[in-house]
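Keeping their order, the protein sequence lines are chains H and D. Residue numbers for the first sequence follow full-length UniProt numbering, beginning at 1 and rising by one. Residue numbers for the second sequence follow full-length UniProt numbering, beginning at 1 and rising by one. Positions of the beta carbon are idealized from the N, C-alpha and C atoms, including for glycine. Here the structure is a predicted model, which is why all the values come from computation and not from measurement.
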Amino acid sequence: MSNDDNDVPMTPRRASRQVQTKFNSRDYALVFEEAIKDKDCRAIFKRFLKKSRSEELMQFYEEYTKYDELFLECLNASSSGGSGGKGRRSTTTSKSDEDDTVSNRLSVNSADSSTKLFRKAIQKLWIQAQSMIGRFIQQGAEHEINIGSLQRMTFSRWQILDDLTPVVFQEANWTDNEYQTLLNVYQTKLDPNVLFEGLLIAVLQDLKHDQFPRFVRNDLLFDYLQKKGEVYTRAIAINVSHGFNVDVRFQPSDLQSKVIDEKMIFFGFTLLQDTPDWELILDKDDIQGYMSKTSYFFGKDTSVGKEKKGLRLHKSVYTLPFCIEDVWKMVCNQENHLKFDPKANEEFKLRDFREPNQDCEFAVTETEMGPKFMPIMKRRHFPFITTTFYDSRLKGYVVVCRSFNDSDNHTDRIHYDGFAYTMYIPNGDKATNVFMIDYSDIKMPFKAAILENTAYKFHIPTVQKGMVKVLNELTNNSTKNVEWNESMDGRHWWKMAELHKNRYPNKSWYDEWLKK
Amino acid sequence: MGNIVVSPHDKEGQHHMMATPTSNNPNGGSAATAKNKSEITVLLLGAGESGKSTLFKQVQFFHGVGITHDQERIELIEIVRLNVLENAKNLVAATQHLNIPIEQPENRETAKLIINSLNTNDLEDPSWSKRLYSLWKDAGIQKAYENREKFQLYDSTEYLFENLDRICSDKYVPTVVDVIRTRTKTIGITDMKFDVGDGKQLRLVDVGGQRNERRKWIHFFNTVDAVVFLTSLSEFDLNLYEDNGYWRVKESLRVFNEVVNNALFYKVPFVLLFNKRDLFEKKIATKSFSKYFSGFNEAEEKNPVACIEYMTKLFLNEITEHPLDTVSVKTLSAIDHDNSKQVFEEVKQFIMTQQHRE
Chain H
1 MSNDDNDVPM TPRRASRQVQ TKFNSRDYAL VFEEAIKDKD CRAIFKRFLK
51 KSRSEELMQF YEEYTKYDEL FLECLNASSS GGSGGKGRRS TTTSKSDEDD
101 TVSNRLSVNS ADSSTKLFRK AIQKLWIQAQ SMIGRFIQQG AEHEINIGSL
151 QRMTFSRWQI LDDLTPVVFQ EANWTDNEYQ TLLNVYQTKL DPNVLFEGLL
201 IAVLQDLKHD QFPRFVRNDL LFDYLQKKGE VYTRAIAINV SHGFNVDVRF
251 QPSDLQSKVI DEKMIFFGFT LLQDTPDWEL ILDKDDIQGY MSKTSYFFGK
301 DTSVGKEKKG LRLHKSVYTL PFCIEDVWKM VCNQENHLKF DPKANEEFKL
351 RDFREPNQDC EFAVTETEMG PKFMPIMKRR HFPFITTTFY DSRLKGYVVV
401 CRSFNDSDNH TDRIHYDGFA YTMYIPNGDK ATNVFMIDYS DIKMPFKAAI
451 LENTAYKFHI PTVQKGMVKV LNELTNNSTK NVEWNESMDG RHWWKMAELH
501 KNRYPNKSWY DEWLKK
Chain D
1 MGNIVVSPHD KEGQHHMMAT PTSNNPNGGS AATAKNKSEI TVLLLGAGES
51 GKSTLFKQVQ FFHGVGITHD QERIELIEIV RLNVLENAKN LVAATQHLNI
101 PIEQPENRET AKLIINSLNT NDLEDPSWSK RLYSLWKDAG IQKAYENREK
151 FQLYDSTEYL FENLDRICSD KYVPTVVDVI RTRTKTIGIT DMKFDVGDGK
201 QLRLVDVGGQ RNERRKWIHF FNTVDAVVFL TSLSEFDLNL YEDNGYWRVK
251 ESLRVFNEVV NNALFYKVPF VLLFNKRDLF EKKIATKSFS KYFSGFNEAE
301 EKNPVACIEY MTKLFLNEIT EHPLDTVSVK TLSAIDHDNS KQVFEEVKQF
351 IMTQQHRE
């Protein structure tokens, strides 16, 4: 085997050397949308903006966020007041139908508590609006923003709306209903999307395109991130030290569709190579197992409760002392999966096979599995779209699986989200390296990583040993080749790989990824 | 020119297109006297959209600053595409405003999408190149474009629409020209430093130009060694971004008056740059110049030299305090690399000579 790094993704030995990587904040590029959500990071950004005399943009953003929350409180107050009002309305209406006496008229002060609450919420909202207009919007304001016509439109809307303010807050005899209606009308005018229409987007745009690019290259930020450390940095920034497209993290919404595209294939190669925070959890003989220390969704890894915690990355690398042809035939045979990894393949079902089409450039299968890992655990549901292909540079086979949104089926089971990549790559004529990457949220009931480690540590050698055992049986202890006929191709892995060989002759996705 | 400069990873954070403020204190904080100090601070001033940042970007480029990061390129892609969308939006809005119907039904569909949902990522799809170009060529949009003095539109509109086939592609890589042509409104201040020989450094400071931005200028007037004031020749038929009822020329004259006669600048060299000469020459060929200046001889209005001479007088008349022998006047096309280089070199020489004289 060649020593050229580009030849094969990673031999087990080379992989183990990459475990220790020192965190350097300069390897990271801050992501705007994530950075402004983080309070501490915002504080640093503000310090920078102050120095470049553009802090009003961030101040506006923060005040707007507060305003937005106050508006939400108003909506809540109005709906609780409204529903209470509805209940009352029936009695009030029936009474006032009979006689509209003065006793049914309410002064603001004697209004019932839900109206009072609504009024109070509106008042708070108005105070915030007034302060924002005075600070940011009005011509010559102390921290006037620079948005042009949108800003002037906000100001004229404010002037019209503010004419109504004394009417809303002065003491007057209103029926509860009348007053609720007035407050509702006033509230619609104070709606941030109405009053400040377009301003937030414009401010964020200026911030993002003018000052932010300077901020992300500033020492102030790098020093700060260095101090905060790797976990924090990864929650708001992207590792760009290996090029921009290497650290790609997925959002839960990326795992909805039934398509596999080249981007996903490249992503698999990236995961294999990029090891920013692998923790070696298993290292014996020719088997290595790794788990990522941090999660791979944006946002912090707060592994509590049932919330989406982010995907964890597992990687295992091992060698099978059999040639690639035998290994590929063995894994293409559906029966064998039940032998070397019986748990994961429980209730395997092939649902569909699709030729390449307009939506998906690869042939794929749609399958499901329903493993129950432990008696006490709920059954999982693994809905998978799978494709396989032969890579001419690697001279080996790649199996790509992704989950999709299958929430209509098996509602009683816990659904798996994620990707799984397996690569079978020859290591000389008589051995095959297997790289498995599982990029998933397996939603185990235990939260502690150490338990996950233990389970994973146990799992990898079991599968590897299982494969060796099956291969020994099929080759009669390496005295013959594995037999193959198409009736064994229960997962269509063989068929898909051959189809892609014909469709994309001599193609190497690995080569293309290297050139990226 | 054309392709961008790409250098390998540059972890020092230097030589990026998006310059980093070089000092933590934008006021410079230098207590040295103007004489013999090692840093010469030059302020780029002028009203909004006079070309300060364009000149700043040009100076960055010809001091070897290129687009070095993938990430930077991605930021620039977004800015270019945002410019395309903003131009398209403004044009569509103008057709409604000016009551000019968009003629072709399919272009009306495109216009609807632009106003409602289109975002910069969508432009990766090459089909948008055709759709946007077809919209651009629509008789209604073209008519609105001819009347562009009536609304706000970037100077780069035509350039961007003519380059859609490159921009609307997932392979799009912004060129230096693209970066020079795109507009980003400057908020606050930015600076860069470069060596000018004799162990001296020139610190060039770029600022925002709209009214509220100008209030920030005063903060660093104290430490200035020279002022380069830009004004756009082609704004004679335009109104302000921040105040659509206000004539841009009037605003420029007013700002110029305030700056040039500021007591803090009495002793510093002052350069007045009439920018956008290229656009100006195109514009006066089709539009009347004398319509906007009652004192100008109508017979001369197609002669750019006469027009510029007139404008020069108009501006110099504003000078009541500053000694005229330390004021230099030049014309510029900041989007033109060679012209920028030459003019900036002259400006630099002028400033250095003046410094020496002191």
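- Closest by C-alpha distance to residue 211/D, out of 175/D, 241/D, 165/D, is 241/D.
- The contact set of residue 89/D on chain H, defined by CB atoms closer than 8 Å, is empty, because the minimum CB distance reaches about 11 Å.
- Taken atom to atom, the span from the alpha-carbon of residue 233/H to that of residue 116/H is near 45 Å.
- Those residues of the segment 208 to 219 of chain D placed with their C-beta closer than 7 Å to a C-beta in chain H are 208, 210, 212, 213, 216, 219, ordered along the chain.
- Of the residues assessed, residue 317/D falls on the exposed side of the cut-off, its CB having fewer than 16 other CB atoms within 10 angstroms.
- Linking residue 185/H to residue 209/H through their CA atoms gives a straight-line distance of about 37 Å.
- Shown here, residue 356/D sits in a helix according to DSSP, grouped into three states.
- Three or more beta-carbon pairs separated by less than 8 Å link the segment 264 to 274 of chain D to the segment 218 to 230 of chain D, which places the two stretches in contact.
- Between residue 76/D and residue 174/D, the CB-CB gap stays under 8 Å.
- According to the DSSP assignment, residue 140/D belongs to the alpha helix (DSSP H) that extends over 139 to 146.
- Taken in chain order, the whole beta strand (DSSP E) runs of length 3 or more contained in the segment 362 to 447 of chain H are 364 to 369, 380 to 391, 396 to 403, 417 to 426, 432 to 441.
- The segment 389 to 403 of chain H makes contact with the segment 418 to 428 of chain H, as at least three CB pairs between them are under 8 Å.
- Using a CB distance cut-off of 8 Å, residue 334/H does not count as an interface residue toward chain D.
- Chain order gives no chain D residues near residue 79/H, where near means a beta carbon separation below 9 Å; the closest approach is about 29 Å.
- Between the segment 364 to 379 of chain H and the segment 211 to 225 of chain H, the count of C-beta pairs closer than 8 Å stays below three; the two stretches do not touch.
- The beta carbon of residue 79/D sits closer than 7 Å to the beta carbons of 182, 184 from its chain, once the five residues preceding and following it are set aside; these are given in chain order.
- For residue 54/D, the CB contacts under 7 Å within the same chain, skipping 5 residues up- and downstream, are 180, 334, 335 in chain order.
- Per the DSSP secondary-structure output, residue 39/D pairs in a beta bridge with 201/D.
- Close to residue 206/H, with beta-carbon spacing below 7 Å, are these residues of chain D in chain order: 185, 187.
- Of all residues in the segment 235 to 258 of chain D, those with a C-beta nearer than 9 Å to a C-beta of chain H are 240, 241, 242, 243, 244, reading in chain order.
- Put simply, the CB of residue 197/H is far from chain D, with every gap to its CB atoms at 8 Å or more.
- Chain D has a Cβ within less than 8 Å of the Cβ of residue 53/H.
- Here the alpha carbon of residue 83/D sits roughly 19 Å from the alpha carbon of residue 146/D.
- Under the 8 Å Cβ criterion, the segment 63 to 76 of chain H counts as touching the segment 124 to 135 of chain H, having at least three qualifying pairs.
- Counting of Cβ neighbours within 10 angstroms places residue 115/D among the exposed residues, the total staying below 16.
- Distance from the Cα of residue 324/H is smallest, within the candidate group 406/H, 432/H, 331/H, for 432/H.
- In the DSSP assignment, residue 299/D falls outside any alpha helix (DSSP H) and carries neither an H nor an E.
- Note on geometry: alpha-carbon atoms of residue 440/H and residue 203/H lie some 37 Å from one another.
- Residue 260/D and residue 330/D do not touch by the CB rule: their CB atoms are close to 15 Å apart, not below 8 Å.
- Annotated as distal: residue 99/D and residue 153/D, with beta-carbon spacing of 8 Å or more.
- If you ignore the 5 residues before and after residue 220/H, its C-beta comes within less than 6 Å of the C-beta of 48, all in its own chain and listed in chain order.
- Residue 244/D has its alpha-carbon roughly 23 Å from the corresponding atom of residue 132/H.
- Residues of chain D with a Cβ closer than 7 Å to the Cβ of residue 193/H do not exist, since the nearest Cβ in that chain sits about 15 Å away.
- Straight across, the Cα-Cα distance linking residue 299/D with residue 307/D is about 11 Å.
- Our two residues, residue 169/H and residue 75/H, have alpha carbons roughly 18 Å apart in a direct line.
- Judged by DSSP in its simplified three-state form, residue 202/H adopts helix.
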